[in-house]
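J.: Residue numbers are given in numbering that gives the first Met the number 0: position 247 of the sequence shown equals residue 246, and the series is strictly consecutive.
Every residue, glycine too, gets a C-beta built ideally from N, C-alpha and C.
Keep in mind it's a predicted model, so treat the numbers as computed, not measured.
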Amino acid sequence: MSEFDFCPWLFADNATQDEREAQMAFQHGLAGLRTAGDRSFVSPLAAIHQADLTVGANSYIAAHVYLTGEVELGDNTSLNPYAVVRGPVRLGSGVRVGAHASLVGFNHSTEPGTPIHQQPVVAKGIVVGDDVWIGSNAIVLDGVTVGAHSIIGAGSVVTKNVPAWSVMVGNPARRIRDRRDQARPDSLAAKLAGFAAQSRDQAERLLDRCWTGETFTDQPSAAPTVRAVCDAVEIADLLLDAPPPQLGRDELVRRLAALQDPATGLIPELGETGRPRLDSGSAYHVLSVGYALDLLGARLPHPVEAVRLDPARLVAELDGLPWARQAWSAGDWVDILATGLHWNRRLFDPDEPVEALFGWLLTRQDAFSGLWGGPSAAQGWRQPVNGYYRLTRGTFAQFGLPVPRPEQTIDTVLAHARDDRFFGDGRGTACDVLDVIHPLWLCGRQTRHRRAEVQAWARDRLAATLTRWHAGAGFAFSPAPTTGTEHLPGLQGTEMWLAIVWLLADVLGESGALGYRPRGVHRPEPAPESGSGVGAVA
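(1) Throw me the rounded Cβ distance for the Gly584 and Gly86 pair, which I believe falls under 8 Å.
(2) Go ahead and pull the three-state DSSP assignment for Glu20.
(3) Who are the Cβ neighbours of Leu286 in its own chain at under 6 Å, not counting the five residues just before and after it?
(4) Please classify Thr428 as buried or exposed, where buried requires at least 16 neighbouring CB atoms within 10 angstroms.
(5) Would you say Leu439 and Ala457 are within 9 Å of each other, going by their C-beta atoms?
(6) Near Leu487, which residues of its chain fall below 7 Å by C-beta distance, leaving aside the five closest residues on each side in sequence?
(7) If distances are taken between C-alpha atoms only, which option among His341, Ala221 and Asn136 comes closest to Leu298?
(8) Once the 5 residues before and after Asp331 are set aside, which same chain residues still bring their CB inside 7 Å of it?
(9) Check Val225 in the structure and name its three-state DSSP category.
(10) Taking just the CA atoms, how far does Arg183 sit from Asp74?
(11) In whole angstroms, give me the CA-to-CA distance for Arg467 and Pro478.
(12) Report the CB separation of Pro43 from His63 in whole angstroms; it is logged as a contact under 8 Å.
(13) Hey, could you find the ends of the beta strand (DSSP E) Tyr65 is sitting in?
(14) In terms of alpha-carbon separation, which member of Gly264, Gly379 and Arg450 lies closest to Asp419?
(15) Mapping DSSP to helix, strand and coil, what is Phe215?
(16) Which one of Ala192, Asn13 and Asp129 has the shortest CA to CA distance from Val161?
(17) For Ala282, which option in Glu304, Gly296, Ser39 and Leu295 has the closest C-alpha, if you only look at C-alpha atoms?
(18) Helix, strand or coil: which one does DSSP assign to Trp565?
(19) Report yes or no: do three or more beta-carbon pairs, one from the stretch 0 to 10 and one from the stretch 37 to 53, lie closer than 8 Å?
(20) Three Cβ pairs or more, each shorter than 8 Å: is that satisfied between the stretch 20 to 37 and the stretch 92 to 107?
(21) According to DSSP, Ile138 sits in a beta bridge with which residue or residues?
(22) Do you know whose CA, among Leu292, Gly270 and Ala526, lies nearest Gly247's CA?
(23) Look up His415 in the DSSP assignment and give the residues it is bridged to.
(24) Determine the DSSP secondary structure at Arg447, reduced to helix, strand or coil.
(25) For the alpha helix (DSSP H) that Leu90 lies in, which residues bound it at each end?
(26) Given that a residue counts as buried once 16 or more other Cβ atoms are within 10 Å of its Cβ, and exposed if not, what is Ile47?
(27) What span of residues does the beta strand (DSSP E) with Arg174 cover, start to end?
(28) Count the CB pairs spanning the stretch 228 to 242 and the stretch 189 to 202 that are closer than 8 Å, and state whether there are at least three.
(29) Helix or strand or just coil, what does DSSP make of Val143?
(30) For the stretch 225 to 295, which segments carrying the beta strand (DSSP E) assignment without a break, of at least 3 residues, lie completely within its bounds, in sequence order?
(31) Note down, in chain order, each residue of its chain lying with its Cβ closer than 7 Å to the Cβ of Thr484, except the 5 sequence neighbours on either side.
(32) Taking His148 as the reference, give the member of Leu269, Val252, Met167 and Ser58 with the closest Cα.
(33) Could you check what DSSP says for Asp309 in three-state terms: helix, strand or coil?
(34) Tell me where the beta strand (DSSP E) around Arg85 begins and ends.
(35) Considering only heavy atoms of the ligand ADP, does any lie closer than 8 Å to the CB of Ser477?
(36) Quickly, what does DSSP pair Asn106 with across the bridge? List them, please.
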């Protein structure tokens with residue numbers, strides 16, 4: 000085995016003469032390889048059986064590719080590790096096939112009177128045009144033609160022909176835009192790319208603005224807080240792909256890890272005395288510190304003992320939360336509890352029980368609204384919608400489980416999103432917008448219910464949000480004065496709005512133009528666990 004088996008793109012420029020001669024000898028002895036162009040590479044670790052294979056110049060087949068049948072690779076075309084290509088498949092020039100992708104150019108008949116193993120094989124074949132990128136874990140089925148210059152998103156399942164220049168995502172894959180649109184200077188993709196470039200250019204300056212010389216504060220002259228340090232870590236990860244330059248990674252890890260109370264696993268606020276509690280304001284640090292350490296390649300040093308409640312006590316605590324009056328506070332408590340369980344399962348005990356929590360949630364959800372808690376005359380749906388975000392962020396989203404009743408949820412959240420008390424005339428704090436777009440995004444992964452309305456709301460919010468960046472200072476939590484200094488730019492507002500921009504853009508199929516993807520508290524996919532979280536809950 001050599002580095003070229005798994006990084007075959009290095010072969011053409013880095014291989015020694017002996018390695019080139021060994022590759023030529025292997026190609027000449029490979030049964031089924033009809034022709035191979037100059038500077039091509041076929042890994043000896045690839046499984047190539049009963050093949051009629053043509054490989055173009057500057058093309059490669061990486062380790063553990065499984066290839067059978069009639070397969071043709073044009074010039075500058077690649078099959079990355081663990082891809083499956085079963086002919087007849089014809090790939091044009093400049094095609095990239097990601098790891099674990101599958102292109103299967105045949106199918107079985109399904110006549111009901113015959114057992115599956117006796118069904119005849121039918122083959123229409125797959126044709127992929129020039130300059131196509133097929134993402135990791137994507138599947139292209141028999142009979143499909145993928146037009147030139149297209150992109151097939153990671154994990155997509157392509158069942159129908161793809162027009163040229165398409166960007167395809169989902170299962171079944173759908174066309175979300177024409178790839179050429181992003182080249183227009185007035186396109187949404189171009190605006191997002193410009194926003195992201197501006198944000199990256201100013202990232203170090205906005206972090207410096209809130210750096211005291213010893214630590215971070217949310218805004219200049221504000222008191223230092225634990226969350227400000229965590230927000231700085233998240234902003235630096237999003238925009239700089241590195242820890243904050245003001246403080247080294249090791250020192251950040253040391254400071255954050257030292258904050259955790261070994262007895263409860265909770266993290267008190269700076270200067271807070273007494274044992275931290277699960278219902279205190281500082282309990283949010285289970286999220287912010289846990290994910291900040293995760294982004295730094297570290298981990299909480301102690302289990303979160305405070306969330307280890309026996310089922311009877313947990314149900315009593317859940318029943319006692321103020322769902323009717325303050326559903327946001329109730330959802331906040333569930334988010335913190337679930338995140339503590341998540342860290343315990345991921346870092347300490349993969350068998351940490353969560354069945355009682357999910358059982359309670361599944362049996363207490365309102366069947367008509369899709370939420371937990373109901374509206375009030377004073378605030379309409381605001382409390383239960385905001386509580387839904389916190390609750391589902393920590394539970395279903397963080398554990399990688401589908402949310403129940405997504406269509407009903409979308410109906411209710413859209414009704415709330417039209418409430419001018421919170422979203423009209425330039426209103427809409429980071430919390431209010433996040434607590435709408437995340438549920439719409441999360442439910443939209445399972446259904447296209449009212450998709451046009453969801454996208455229209457996201458488009459309007461995104462257009463407004465992109466105009467609110469303060470040069471060198473980032474975003475304010477609130478676009479208009481509310482209380483205190485929330486309308487002034489700071490680290491919390493910047494961290495939250497950067498995640499909101501990604502969610503809004505992703506609902507519109509344009510998040511790729513940003514060049515960043517949240518990996519902290521607002522990450523769009525669950526972090527990996529030790530063991531199967533889904534299996535343990537199902």
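T.: Based on what the coordinates show:
(1) With the chain covering only 0 through 537, there is no way to say anything about residue 584.
(2) Taking the first residue of the sequence shown as position 1, residue 20 is located at position 21. Three-state DSSP puts Glu20 in a helix.
(3) In the sequence shown, counting from the first residue as 1, residue 286 sits at position 287. Closer than 6 Å at Cβ, skipping near neighbours: Thr338 and Val520.
(4) Here residue 428 refers to the residue found at position 429 when the sequence shown is read from its first residue. Counting Cβ neighbours within 10 Å, Thr428 comes out buried, since at least 16 surround it.
(5) For this step, residue 439 is matched to residue 440 along the sequence shown. For this step, residue 457 is matched to residue 458 along the sequence shown. Yes, they are a contact pair.
(6) Numbered from 1 along the sequence shown, position 488 holds the residue referred to as residue 487. Correct list, in chain order: Gln218 and Ala475.
(7) For the purposes of this step, residue 298 is taken as residue 299 along the sequence shown, with counting starting at 1. According to the sequence as given, residue 298 is Arg; it is not Leu. Residue His341 is the option with its Cα nearest to Arg298.
(8) For the purposes of this step, residue 331 is identified with residue 332 of the sequence shown, where counting begins at 1. Cβ neighbours of Asp331 beyond the five flanking positions: Arg389.
(9) If you number the sequence shown from 1, residue 225 lands on position 226. Reduced to three states, the DSSP call for Val225 is helix.
(10) Translated into the one-based positions of the sequence shown, residue 74 becomes position 75. Translated into the one-based positions of the sequence shown, residue 183 becomes position 184. Rounded to whole angstroms, Asp74 to Arg183 spans 29 Å at the Cα level.
(11) One-based indexing of the sequence shown puts residue 467 at position 468. One-based indexing of the sequence shown puts residue 478 at position 479. Between Arg467 and Pro478, the C-alpha separation is close to 7 Å.
(12) Within the sequence shown, the letter at position 44 stands for residue 43. Within the sequence shown, the letter at position 64 stands for residue 63. Going by Cβ atoms, the distance from Pro43 to His63 rounds to 11 Å, so no, they are not a contact pair.
(13) Counted from its first residue, the sequence shown places residue 65 at position 66. Element bounds for Tyr65: Tyr65 to Leu72.
(14) On the sequence shown, position 420 is the one that residue 419 refers to. Ranking Gly264, Gly379 and Arg450 by Cα distance to Asp419 puts Gly379 first.
(15) Here residue 215 corresponds to residue number 216 of the sequence shown, with the count starting at 1. Of the three classes helix, strand and coil, the one that applies to Phe215 here is strand, per DSSP.
(16) Translated into positions along the sequence shown, residue 161 becomes position 162. Checked all of Ala192, Asn13 and Asp129; the closest Cα to Val161 is Asp129.
(17) Locating residue 282 in the sequence shown gives position 283, counting from the first residue. That would be Glu304, whose Cα lies nearest to the Cα of Ala282.
(18) There is no way to answer for residue 565, as the model of the chain reaches only from 0 to 537.
(19) yes
(20) no
(21) Residue numbering aside, residue 138 sits at position 139 when the sequence shown is read from its first letter. DSSP output for Ile138 lists Ser101 and Val156 as bridge partner(s).
(22) What you label residue 247 is simply residue 248 of the sequence shown in a count that begins at 1. Ranking Leu292, Gly270 and Ala526 by Cα distance to Gly247 puts Leu292 first.
(23) Numbered from its first residue, the sequence shown carries residue 415 at position 416. DSSP, once it has assigned bridges, lists no residue as partnering His415.
(24) Residue 447 sits at position 448 when you count from the first residue of the sequence shown. Looking at Arg447 - three-state DSSP - the assignment turns out to be coil, as it is neither helix nor strand.
(25) Looking up residue 90 in the sequence shown gives position 91. Note, Leu90: premise wrong, no alpha helix (DSSP H); beta strand (DSSP E) at Val88 to Leu90.
(26) What you label residue 47 is simply residue 48 of the sequence shown in a count that begins at 1. Buried, by the Cβ-count rule.
(27) By one-based count along the sequence shown, residue 174 stands at place 175. It spans Arg173 to Asp177 - the beta strand (DSSP E) in which Arg174 sits, taken as one unbroken run.
(28) yes
(29) The residue given as residue 143 occupies position 144 in the sequence shown. Coil at Val143, not helix or strand.
(30) none
(31) Within the sequence shown, the letter at position 485 stands for residue 484. Contacts found: Gln218.
(32) Sequence index remark: in the sequence shown, residue 148 carries index 149 (1-based). It is Met167 whose Cα lies nearest to the Cα of His148.
(33) For the purposes of this step, residue 309 is identified with residue 310 of the sequence shown, where counting begins at 1. Asp309: coil per DSSP, three-state reduction.
(34) As a first step, residue 85 must be located in the sequence shown, where it is residue number 86. Residues Val83 to Arg85.
(35) Questions concerning the ligand ADP fall outside what the structure shown contains, since it holds no ligand whatsoever.
(36) Counting from one through the sequence shown, the residue named residue 106 turns up at place 107. Asn106 pairs with Val121.
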